[in-house]
Each structure stands twice: as structure tokens, then as C-alpha cells.
Amino acid sequence: QEEYKKEGITWQKVDFYDNLPICTMIERQTGGIYAIIDEECLFPERNDQTLHKKLGNNVRERFFTLDQGRQFTINHYAGKVKYDTKGMINSNKDTLNLDLVVLCNNCNNPVVRQL
757 QEEYKKEGIT
767 WQKVDFYDNL
777 PICTMIERQT
787 GGIYAIIDEE
797 CLFPERNDQT
807 LHKKLGNNVR
817 ERFFTLDQGR
827 QFTINHYAGK
837 VKYDTKGMIN
847 SNKDTLNLDL
857 VVLCNNCNNP
867 VVRQL
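In terms of the numbering used here, the sequence shown has 829 at position 73, counting the first letter as 1, and numbering is strictly consecutive.
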């Protein structure tokens, strides 16, 4: 916005605020949203509902709201954005790509082949 001002460009001022607390809430290694999703993916009996409940029990930030059903809201720079836990567990389970497995198995390097 300073550049616009220097160059005499007409614009509507946009107020920005520090988004770091929201990024921290999402990325925190213990108790962050990503960490909770990763932890839930470790247990086969966990599902979208158990993830929703765990998020509600563990994320205690003013930017986070647990909604009905499987939804939650994060209030960040883009405004209030709703997320749905439907499919989060299945889509976040780490599976090794079959092409990568074939590549490692066919590698000439014995260390890589054993991976």
C-alpha cells in the first residue's frame, strides 16, 4: 500500500493484522490442528466424528469455533472460513505411492532397495 501511495495510485486501504497466532494454532507441533489430524490418522478406529470431537476438546483459541455436525470455523484474514472434517482422516493417511515403492525396489543401490 505504501507503493500505491508513492506512485499516486488511487486505492481503498486494506487493514491487515498479524496472522501469526492463527498459523501457530494450525501448525503447533503439540495440540495444533495439523498435529491433531496426524494423531487421529494413526488409529484405525478413528473417524471424522472423533476428529471433530478431539478438535473441540483440544483447540482453545479465540479464532476457532466448533460447529454442529463435523464442522469448525477459523476466523482469519479471509474472514470466517468453515471447514468440514468429512474425509479428513482418509485423505490425510500417509500411504507410500506405489510408483515410489517400485522405484526403490528396482534401484541399484542396496540401501535404497531396502527402504
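Just so you know, even glycine gets a beta-carbon here, dropped at the ideal spot from N, CA and C.
8 Å Cβ cutoff met for F819 and M781: yes
Cross-strand partners of N822 (DSSP beta bridge): Per the sequence presented here, residue 822 reads as Leu, with Asn not at that position. Bridge partners of L822: F828.
Where the alpha helix (DSSP H) containing D804 begins and where it ends: 804-814
K838 in three-state terms, based on DSSP: strand
Through-space distance from C860 to Y790, alpha-carbon basis: 29 Å
Cβ pair count under 8 Å reaching 3, the stretch 809-819 against the stretch 760-774: no
Simplified DSSP assignment, three categories, for V857: helix
Anticipated Cβ contact below 8 Å, K838 with D823, distance rounded: 7 Å
Every unbroken alpha helix (DSSP H) within the stretch 757-783, with a cutoff of 4 residues, ordered by chain: 758-763, 776-783
Q870 - DSSP class collapsed to helix/strand/coil: helix
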